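Encoded as structure tokens, the structure appears first; notes follow it.
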Amino acid sequence: MTKITLNEDQLAAFGNEIDAIKQSALKQRGQRDATYIKRIVWIQRALAIGSRISIYAALPFLPSLGLSVASWPLFWILIGLGSIGLGVAKILDNMEIGHNIIHGQYDWMGDPRFHSQHYDWDTNCPSDQWAHSHNYEHHTFTNVLGKDRDIGYGILRMDPSQQWHPAYLANPIYATLLMLFFDTGVALHDVEIDSLRSGKKTFRETWPKLKQSLRKTARIFSKDFILFPALAGPLFPIVMAANAVANLIRNIWTFTIIFCGHFPAEVHTFPEHVCENETQGHWYYRQLLGSANLEGGKLFHIMSGNLSHQIEHHLFPDVPAHRYAELSVKVRKVCEKYDIPYNTGPLWSQYASVWAKIFRLSLPQQNTATAITA
Amino acid sequence: MSLATTTSRSAWRRIVDTPIINALAAPHGIGRYLEVINPMWSLDKSRIPARISAITAETDDSVSIELSPNGEWTHFQPGQFVQVFIEIDGRQHSRSYSLSNSAYSRKPRITVKAHDDGFVSKYINTHLKVGDRINISSALGEFVLPAQIPNALLFIAAGSGITPMMAMLETLLEHHHSGAITLLYYSRNNASCIFRRRLEDLAKKHSNFSLFLVFSTSSTPQTLRGHFDQSHLLSAISSENGLAEHTGAITLPLTYVCGPEGLIDKVSAEYELLGHSDKLRSERFKAPTSQAPGEASGSIAFKQSQQIIDNDGRALLDQAEDAGLNPQSGCRMGICHTCSCLKTSGTVRNISTGELSHGEEHIRLCVSQALGDVALSI
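Residue numbers (full-length UniProt numbering), protein chains in the order written: chain H, 1 to 374; chain E, 1 to 378.
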């Protein structure tokens, strides 16, 4: 682990420089950001409509129907494009649009379509529950053990200072299940089912959120797995399978991007006491050390909701995310100046490092969280 | 006479906007997909897209904008206003403008005077073009004619306060209302008199309509000059169309007043003096100002955003915005409820009505000021 060497004055100076980057970005918000988010929403909606049409357009080509147009290649091409397209549409909806809007990045536009209090996304988790568990808990107490429930999502052992238990031998299996059913995992996150299990909360306390979450899940689930398939009549299972593939693509991708943001090696976790009397500079410092970036092209950044710039996202959660790329250049310069590690790498190496951790921590291991001392 | 002008929502909208189709479009709703194909197909009822179909200059600094809203727009009553949403540099700005034409006309019209410090009204006057798209709310407001229209009506307006009156006049006169109508309209001079020609034409055409154009700085010979006072009122009600003036007691007709604060205050005082406050209907297009900074105490806690600020006594919306928050807001004068939010504890006063709200209640941020410690769920 990197040794942390900033003193109180340096931390304050560092904090001021990061803050200046943020303020200048906030001041620049305007037409460019509005045009950007509107364009992405347009692309997302058009892609969702087009992909659904493509799935149905594949059906007449199914040879078993015995129609004169029967063709396996055309069937697979259309249904494949439809499923992948729908998966991509869901990724855009959840990441570059939903995640960023619910963060309040576009509240300043004064348009309810892009306002955090009004936006609902195409995933099982009710947006206001997510705003609590993610915007508030995770973004305030980033990587603080015992406070940031994103560490392990109540299921996994993702940090050596989490007490080992034989149940964690199945850590990689839990991680795989969480990856495949990530939408459901997120939907249950703010409900704190784990607190119910451990007896920290009663069923009565958990029920209102659980009820809300189940209702939203039923709404989203019935759309993809009952209503749209029903439009295909007897070919119900084919459309359902295509929609399942789209959901699976979304789940695997979002899990991948999100886990790469905080769990690669060299990312720091912190003990609870660091939050006491934390200064602004110290907070920025903790966000920086607790996050990791992914390198890639413009399309990759859009598809990851710009969470590939996890560091910038954690420093500036309410700055429109499409600006993170340009801000990262400035942030890196500040990091170099103060000799602060800036954790970045290509997707494959960060992801490999995450899985290595999942496997390694399934076994007992003693260690403690990094204390950053000023 | 009846003023009902209801038109119904188009058939295809009713077919497409059903629970089953919206379930297929969950969680966004079908309108969010339709507007991808054509922005005018939005099914939003609170922000109805409207294309600008005509722009007419009324004076040097005021224009009438004729709007072609989509099928979500149904009807309005003369005297009502709409909230207008205009995007300037990525931000939606909202202002309220009275509808200024006959409630029977197919296309609603607003008339906007560019105020010296009016960012949006200046933009409307100089930047909007025919073919541009803006959003409007449905018609709002209680400043409307009664169901049973009395035999005599008096309208008192100044400046752009003429706009709701114009809608009432056009609706009544063009549809052959036969009762006596008098308009007392104050403007600076001939050139700043909005709708002057139209009003004069109406007065020529309809013998039951008496028009008094009053200029404050003009040298043109007018019957009346300067600012509203009792003599103007007496001249207006004793005009030849027969509004009653009895010896000893003055009977005032049902009166509508709209314009700057000063005019409304003066007219209100006069009506009170004459014992006829019940005859007066007024519309103020400005939130009453809240208490001066310095008198306020306590702090305001914004719970979701984890911020606590000292209460300076201004409207909670202004204080929240100055604290860097972006709560939803609309009319900013307590009409539209866009800024409604849950107050979890504390007491606030409604700036316009003086009503108090204690404890957990929904309040409108734009017209509420904190009395001591207040916690809001934003």
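Heads up, the beta-carbon is just placed ideally off N, CA and C, and yes, glycines get one too. Treat the numbers as computed from the prediction; the structure is a model and nothing was measured.
Report, in whole angstroms, the separation of the C-beta atoms of residue i and residue j, which I expect to be a contact under 8 Å.
i	j	result
A50 of chain E	I136 of chain E	5 Å
I151 of chain H	E96 of chain H	Actually they do not touch by this definition, with Cβ atoms about 25 Å apart.
Y256 of chain E	S216 of chain E	Not quite, the Cβ-Cβ distance comes to about 21 Å (not below 8 Å), so this is no contact.
A236 of chain E	T182 of chain E	5 Å
S305 of chain E	I378 of chain E	7 Å
R250 of chain H	K90 of chain H	4 Å
Using a threshold of 7 Å, state whether the C-beta atoms of residue i and residue j are closer than that.
i	j	result
R224 of chain E	F209 of chain E	The residue you asked about is not Arg; residue 224 of chain E is Leu in the sequence shown. Cβ atoms of L224 of chain E and F209 of chain E: not closer than 7 Å.
D194 of chain H	T269 of chain H	no
F76 of chain E	A158 of chain E	no
N143 of chain H	E266 of chain H	no
V239 of chain H	S83 of chain H	no
A323 of chain E	G346 of chain E	no
G259 of chain E	G161 of chain E	yes
I102 of chain H	A57 of chain H	no
G15 of chain H	Y284 of chain H	yes
N189 of chain E	W108 of chain H	no
A242 of chain H	I55 of chain H	yes
N101 of chain E	E170 of chain E	yes
L173 of chain E	P108 of chain E	no
F75 of chain H	L62 of chain H	yes
L317 of chain E	C339 of chain E	yes
S98 of chain E	F81 of chain E	yes
L280 of chain E	Y271 of chain E	yes
G290 of chain H	A12 of chain H	no
F195 of chain E	M166 of chain E	yes
S22 of chain E	I30 of chain E	Note on residue identity: the sequence assigns Asn, not Ser, to residue 22 of chain E. Contact flag set, yes.
S121 of chain E	H127 of chain E	no
M179 of chain H	F300 of chain H	no
H322 of chain H	Y36 of chain H	yes
F263 of chain H	K357 of chain H	yes
Could you give the DSSP three-state label for residue i: helix, strand or coil?
i	result
T35 of chain H	helix
Q280 of chain H	helix
S133 of chain H	helix
K343 of chain E	strand
Y33 of chain E	helix
K216 of chain H	helix
I300 of chain E	strand
L145 of chain H	coil
D201 of chain E	helix
E266 of chain H	coil
I252 of chain H	helix
P39 of chain E	helix
P260 of chain E	coil
N16 of chain H	helix
G248 of chain E	Because the pLDDT of G248 of chain E is 48, which lies under 50, any placement of that residue in the model is unreliable, and the question is left without a value.
I110 of chain E	strand
D111 of chain H	coil
T202 of chain H	coil
V214 of chain E	strand
S207 of chain E	coil
G275 of chain E	coil
T353 of chain E	coil
M1 of chain H	Any reading at M1 of chain H must be qualified, since the residue scores a pLDDT of 43, below 50, and its modelled position is unreliable; the value itself is stated next. The answer is coil: DSSP assigns M1 of chain H none of H, G, I, E or B.
H358 of chain E	strand
Please tell me whether, using a cut-off of 6 Å, the distance from the CB of residue i to the nearest non-hydrogen atom of the ligand SAM is below it.
i	result
I97 of chain H	Absence of the ligand SAM from the depicted structure is noted, as is the absence of any ligand whatsoever, leaving it without description.
Can you tell me where the alpha helix (DSSP H) holding residue i begins and where it ends?
i	result
P19 of chain E	19 to 24
C335 of chain H	324 to 338
R360 of chain H	347 to 360
G87 of chain H	72 to 92
H177 of chain E	Run containing H177 of chain E: none; DSSP gives neither H nor E here.
Y123 of chain E	119 to 126
F182 of chain H	182 to 189
L196 of chain H	193 to 197
L234 of chain E	230 to 237
Terminal residues of the continuous beta strand (DSSP E) containing residue i?
i	result
N124 of chain H	No beta strand (DSSP E) holds N124 of chain H; DSSP gives it neither H nor E.
H28 of chain E	First-last for H28 of chain E: undefined, no H or E at that position.
V319 of chain H	Taken as a continuous stretch (DSSP letters only), V319 of chain H belongs to no beta strand (DSSP E), as it is neither H nor E.
I97 of chain H	Looking at the DSSP string, I97 of chain H is not in any beta strand (DSSP E), and its letter there is neither H nor E.
A320 of chain E	First-last for A320 of chain E: 316 to 322, but that is the alpha helix (DSSP H), not the beta strand (DSSP E).
I52 of chain E	48 to 59
R364 of chain E	361 to 364
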